[in-house]
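Chemist: Sharing a structure, written as structure tokens. Questions coming.
Residue numbers (my numbering): 778 to 834.
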């Protein structure tokens, strides 16, 4: 389990072997995560895309 939602896709992509499949299951239709009264902009698709781009370097 990752410490933050943003670190989860990075961890999954980093740990995945070439033939592995990374599944991001969550509330991808929401562009905001709410924690009680706090709200923060976050998109699973963008986080995964950035993790994949970083894995190529």
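Don't be surprised by glycine CBs; every beta carbon is placed ideally from N, CA and C.
For clarity, every value in this text was computed on a predicted model and none was experimentally measured.
Mind pulling the beta strand (DSSP E) runs of 3 or more residues that sit fully within the segment 781-816?
Modeler: Taking only runs of at least 3 residues, the beta strand (DSSP E) segments lying wholly in the segment 781-816 are 809-812.
Chemist: If we ignore side chains and look at the alpha-carbon of each, how far apart do residue 853 and residue 824 end up?
Modeler: Nothing about residue 853 can be read from this structure; the chain reaches only from 778 to 834.
Chemist: Look at the Cβ atom of residue 819, then the Cβ atom of residue 786, and state whether they are nearer than 7 Å.
Modeler: On the chain shown, residue 819 is found 42 positions in, with the first residue counted as 1. On the chain shown, residue 786 is found 9 positions in, with the first residue counted as 1. No; because the gap between Cβ atoms is not below 7 Å, this pair is not in contact.
Chemist: Which whole-angstrom value describes the C-beta separation of residue 798 and residue 790, a residue pair presumed to lie in contact below a C-beta threshold of 8 Å?
Modeler: Working through the chain shown from its first residue, we reach residue 798 at position 21. Working through the chain shown from its first residue, we reach residue 790 at position 13. Not a contact, Cβ separation roughly 11 Å.
Chemist: Considering just the uninterrupted stretch of the alpha helix (DSSP H) at residue 821, what are its terminal residues?
Modeler: Here residue 821 corresponds to residue number 44 of the chain shown, with the count starting at 1. It spans 821-832 - the alpha helix (DSSP H) in which residue 821 sits, taken as one unbroken run.
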